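In the numbering used here, the protein residues as written are 1 to 251.
The structure appears right after this line, and notes come after that.
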Amino acid sequence: MNIVRDPSEGSLLLADLIGASHRVVFFTGAGVSTESGIPDFRSPNGLWSKMKPIYYDEFVASEEARLEDWRRRFRFNREVAAAEPNRAHRAIAKLVAGGKVVAVITQNIDGLHQRSGVPSEHLVEIHGNATRAACLECEAHHDLAEVESEIARTGRAPMCRACGGLVKSAVVSFGQAMPVRAMMRAEYAIERADLFVAVGSSLQVQPAASLPMAAKYSGANLVIVNRDPTPLDAIADHVLRGSIGEVFSAI
Ligand code: NAD
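Right, here's the structure in full:
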């Protein structure tokens with residue numbers, strides 16, 4: 001394992017590694033969006049220092065938990081609407097346009113990779129997307145603006161108009177099953193990758209954090225770009241510490 005602590009040195013190394021590769025997979029976490037002003041979970045000022053997560057079982061069991069989940073969702077979406085993709089999002093989008101990137105697998109739900117120009121056929125959102133909502137029973141789509149005005153009008157968590165099931169934002173909560181199609185797309189991309197770059201993830205949330213390990217064992221070079229140490233640093237070929245924006249400055 002090679003640890004690079006100087007972000008400019010890390011930036012040049014990352015550019016070289018990408019230059020020498022043919023099928024790159026990016027795997028991004030909340031840290032890629034903090035320089036756009038969206039807090040992550042596990043940094044010192046991250047969201048978990050201010051609130052506890054709402055587990056899927058609590059969402060299903062309690063209307064109070066559902067209403068709190070919706071309040072958080074609308075607050076998060078307002079933050080995201082005011083944010084812009086940063087230089088790391090833009091650099092990744094440019095590399096996708098250049099044809100070297102097989103997939104951008106993201107744990108993020110903020111839609112900033114789409115807004116930076118990554119097309120949907122290259123984007124794999126393994127934790128869903130906060131800008132959509134669906135019924136947990138029949139999967140009917142629900143418009144978020146309508147959900148918000150219904151909650152304001154009735155004070156109740158919305159039920160599906162088609163089947164009466166619970167409506168939930170299309171984000172994977174803790175304890176909720178992973179989306180099968182997205183995980184299959186992620187695994188297919190990883191099998192083909194010769195370089196796997198994990199960016200801005202504490203690599204602590206499973207099963208997402210098992211993807212870098214799968215890439216390493218299927219033969220890809222593994223690079224981790226993150227400010228703090230992660231549990232997978234020991235198996236990485238290169239660990240680039242420092243600000244993600246700075247590490248992506250040469251890309
Ligand atoms: P995490 O909060 O566990 O870890 C983020 C990591 O990024 C930390 O280790 C931190 O050191 C690093 N980091 C933060 N800003 C950085 C910067 N500017 N430069 C370098 N490193 C930086 O996030 P995670 O691993 O993605 O897992 C948390 C879960 O939270 C994911 O499932 C994700 O869906 C969700 N989440 C998403 C968003 C979003 O969509 N923007 C925001 C918060 C949480």
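Here a beta-carbon is modelled for each residue, glycine too, at the ideal position from N, C-alpha and C.
Quantities reported herein were computed from a predicted structural model and do not represent experimental measurements.
Proximity of the segment 123–130 to the segment 169–187 meets the contact definition, three or more beta-carbon pairs being nearer than 8 Å. A residue is called buried once 16 or more other Cβ atoms fall within 10 Å of its Cβ, and Asn226 is buried on that count. Beta-bridge pairing by DSSP links Cys135 to Val167.
For Val118, there is no enclosing beta strand (DSSP E), as DSSP gives it neither H nor E.
Ile224 is classed as buried because its beta carbon has at least 16 other beta carbons within 10 Å across all chains shown. Using a Cβ distance threshold of 8 Å, Ala189 and Val102 count as a contacting pair.
In this structure, Ile38 has its beta carbon less than 7 Å from a heavy atom of the ligand NAD. Between the ligand NAD and the CB of Leu211, the shortest heavy atom gap is not smaller than 7 Å. The segment 136–151 and the segment 79–86 do not touch, with fewer than 3 CB-CB distances between them shorter than 8 Å.
Contact between the segment 4–12 and the segment 148–168 is absent: fewer than 3 CB-CB pairs across the two stretches fall below 8 Å. For Phe59, the enclosing alpha helix (DSSP H) covers residues Tyr56 to Ala61.
DSSP places Ile105 in the uninterrupted beta strand (DSSP E) bounded by Val101 to Thr106.
Scanning its chain for C-beta atoms nearer than 8 Å, with the 5 sequence neighbours on each side dropped, one finds around Asn77 the residues Ala130, Thr131 and Leu144, in chain order.
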